[in-house]
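Each remark here refers to the structure printed beneath this line.
In the working numbering, the protein residues as written are 4 to 222.
The following block contains the structure:
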């Protein structure tokens with residue numbers, strides 16, 4: 004059933020502007036999970052959701068390792084767009100273990116699994132579609148994704164997946180949205196403090212490792 008719907012929805016959404024894509028998914032599905040990292044490109048999707056479905060819950064995974072600048076940016080956008088942001092936290096004991104062992108330096112995949120992937124798993128079962136702001140130009144994996152994909156009987160909706168960096172910048176500037184505070188310092192993608200350095204695209208994430216995704220959107 005999901006495969007048929009996925010192909011049909013992709014054909015329908017591919018010809019629509021991004022506003023119509025987001026609106027169609029909200030109108031077609033009752034249980035839509037919206038997440039945001041409040042990263043350097045996040046303002047686009049957040050602005051769209053705030054206009055198309057004001058007050059809709061937006062989940063933020065608070066790993067405990069975010070830059071202060073990201074948390075400040077989150078507060079600013081929440082106020083500016085009147086967002087309904089719900090923080091999701093990792094298990095306290097397991098998170099403490101990652102901190103004590105500095106797991107990010109030994110096994111970054113496991114650290115991401117505990118602090119990012121596991122916290123959102125409990126939310127996925129309550130929803131039919133997962134909406135997130137992935138954009139194709141960010142890395143090779145994301146460039147292969149469709150507007151609507153499927154994993155574990157859940158549809159994943161990426162309304163911005165076929166955008167480029169120019170469209171993102173034009174949208175943010177054109178709508179008077181603030182930039183992430185770390186953008187001007189050369190951070191084009193921002194994750195946890197221990198695993199992020201300045202870099203173009205996602206080149207600053209998990210620096211000097213082959214890892215390019217935290218695990219939330221690998222498949």
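No residue lacks a Cβ here, since even glycine has one placed at the ideal position from N, Cα and C.
Could you give the residue range of the alpha helix (DSSP H) that holds residue i?
{"i": "residue 95", "result": "95-104"}
{"i": "residue 200", "result": "Note, residue 200: premise wrong, no alpha helix (DSSP H); not H, not E."}
{"i": "residue 132", "result": "Note, residue 132: premise wrong, no alpha helix (DSSP H); beta strand (DSSP E) at 132-134."}
{"i": "residue 127", "result": "121-127"}
{"i": "residue 243", "result": "Not covered by the structure: residue 243. The range shown for the chain is 4 to 222."}
{"i": "residue 177", "result": "168-177"}
{"i": "residue 232", "result": "Only positions 4 to 222 of the chain appear in the structure, and residue 232 is not among them; the question remains open."}
{"i": "residue 112", "result": "111-115"}
Go to residue i, then tell me how far its beta strand (DSSP E) extends in each direction, as first and last residue.
{"i": "residue 148", "result": "That residue, residue 148, is in no beta strand (DSSP E); it is neither H nor E in DSSP."}
Thinking residue i and residue j are a contact (beta carbons under 8 Å), I'd like their distance in whole angstroms, please.
{"i": "residue 20", "j": "residue 151", "result": "The Cβ separation is near 16 Å, so there is no contact."}
{"i": "residue 73", "j": "residue 191", "result": "The Cβ separation is near 14 Å, so there is no contact."}
{"i": "residue 53", "j": "residue 86", "result": "6 Å"}
{"i": "residue 70", "j": "residue 193", "result": "6 Å"}
{"i": "residue 61", "j": "residue 39", "result": "5 Å"}
{"i": "residue 201", "j": "residue 188", "result": "6 Å"}
Residue i and residue j: beta carbons closer than 7 Å?
{"i": "residue 32", "j": "residue 176", "result": "no"}
{"i": "residue 50", "j": "residue 197", "result": "no"}
{"i": "residue 122", "j": "residue 88", "result": "no"}
{"i": "residue 158", "j": "residue 136", "result": "no"}
{"i": "residue 115", "j": "residue 101", "result": "no"}
{"i": "residue 37", "j": "residue 160", "result": "no"}
{"i": "residue 35", "j": "residue 134", "result": "yes"}
{"i": "residue 118", "j": "residue 66", "result": "yes"}
{"i": "residue 9", "j": "residue 153", "result": "yes"}
Would you list, in sequence order, the uninterrupted alpha helix (DSSP H) runs of no fewer than 4 residues that lie entirely inside the region 33-92?
-> 45-55 and 71-84
For the region 76-85 and the region 157-173, state whether three or more C-beta atom pairs, one from each stretch, are separated by less than 8 Å.
-> no
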